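Working notes, structure below.
Numbering (UniProt numbering), first residue to last: 1 to 297.
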């Protein structure tokens, strides 16, 4: 009885901590993205891609051809409505809710923060703007949220097909940028593609939960290790029995695939039971079949 009460209290505390952490990360990510839009993106006349870039493109089209200044927040929220519905139904209600919070907060901050030119060099604008954009998205993803739009699609593809889909989104963004190039000139659009490429590579480098690795573990304490790994990560494990060629002693190899951000956790579990275990970590470019994904809720 008492154990159940303490367990409920712990779960409630963990939920509160998780919520506070998400709110803080979403606020930081929104602020970074908004400042980036009003500095690097604004001074370089760039389009950051995704729904954010599409919103800026619509805003510029109305200003150029109809002499109407539409608020960024209105366009961005409207265009994010459909991806948000997809995220709500196919990804996670909690993930979608905090992504919508970031969309709204980012939209409002863009309308409030004054434009400021840090540098007019288009290459520096593209490189550092893309870096900041990628960092903002990574921070949001670490808080189990996103900047909305094509991020919903990227996260869905990753969780549905176990693939890193950010390069696919890069192709979609390039189409938006080329459309902008045909309307407003290709110079800014080509620099925007550099911006988007840097952003995509930043996400791929620092957001490791969507990267898969194969771990081959040679040990004499397989039973204890496999139980701890299974209970901690919930990933499946296959056991192979063999023989060490040097000393002709029996050996056991555990084969498992985990997310890249779980490698150190698994290695710590292994070395806790067997300090002399041999671990080989291989990058897995694609995983077919069932792979446990941490719930976003």
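We put the CB at the ideal spot given by N, CA and C, even for glycine.
In this text, all values refer to a predicted model and were calculated from it rather than measured experimentally.
Beta-carbon proximity check, residue i vs residue j, cutoff 7 Å
{"i": "residue 258", "j": "residue 233", "result": "yes"}
{"i": "residue 138", "j": "residue 213", "result": "no"}
{"i": "residue 22", "j": "residue 143", "result": "yes"}
{"i": "residue 101", "j": "residue 75", "result": "no"}
{"i": "residue 217", "j": "residue 270", "result": "yes"}
{"i": "residue 99", "j": "residue 145", "result": "yes"}
{"i": "residue 114", "j": "residue 44", "result": "no"}
Residues near residue i in its chain [Cβ-Cβ closer than 6 Å; skip 5 each side]
{"i": "residue 192", "result": "46, 47, 177"}
{"i": "residue 126", "result": "191, 194, 195"}
{"i": "residue 56", "result": "47"}
{"i": "residue 90", "result": "156"}
{"i": "residue 70", "result": "59, 62"}
{"i": "residue 37", "result": "110"}
Spatial distance of residue i from residue j (CA atoms)
{"i": "residue 124", "j": "residue 197", "result": "14 Å"}
{"i": "residue 283", "j": "residue 208", "result": "12 Å"}
{"i": "residue 244", "j": "residue 20", "result": "50 Å"}
{"i": "residue 53", "j": "residue 16", "result": "34 Å"}
{"i": "residue 105", "j": "residue 116", "result": "20 Å"}
{"i": "residue 181", "j": "residue 175", "result": "10 Å"}
{"i": "residue 78", "j": "residue 224", "result": "53 Å"}
{"i": "residue 136", "j": "residue 73", "result": "18 Å"}
{"i": "residue 201", "j": "residue 290", "result": "27 Å"}
{"i": "residue 35", "j": "residue 50", "result": "17 Å"}
Classification of residue i by the beta-carbon crowding that lies within 10 angstroms, buried from 16 upward
{"i": "residue 120", "result": "exposed"}
{"i": "residue 134", "result": "buried"}
{"i": "residue 7", "result": "Because residue 7 sits at a pLDDT of 46, beneath the cut-off of 50, its placement in the model cannot be relied upon, and the point is left open."}
{"i": "residue 110", "result": "buried"}
{"i": "residue 128", "result": "buried"}
Neighbour flag for residue i against chain D, beta carbons, 7 Å
{"i": "residue 60", "result": "Absent here is chain D; the protein component of the structure consists of one chain."}
DSSP beta-bridge partners of residue i
{"i": "residue 130", "result": "Per DSSP, none; premise fails for residue 130."}
{"i": "residue 243", "result": "250"}
Close beta carbons around residue i, own chain, < 7 Å, minus the five adjacent residues each side
{"i": "residue 2", "result": "Note on residue 2: pLDDT 47, under 50, position unreliable in the model; no value is reported."}
Cβ-based neighbour list, residue i, same chain, cut-off 8 Å, excluding 5 preceding and 5 following
{"i": "residue 27", "result": "105"}
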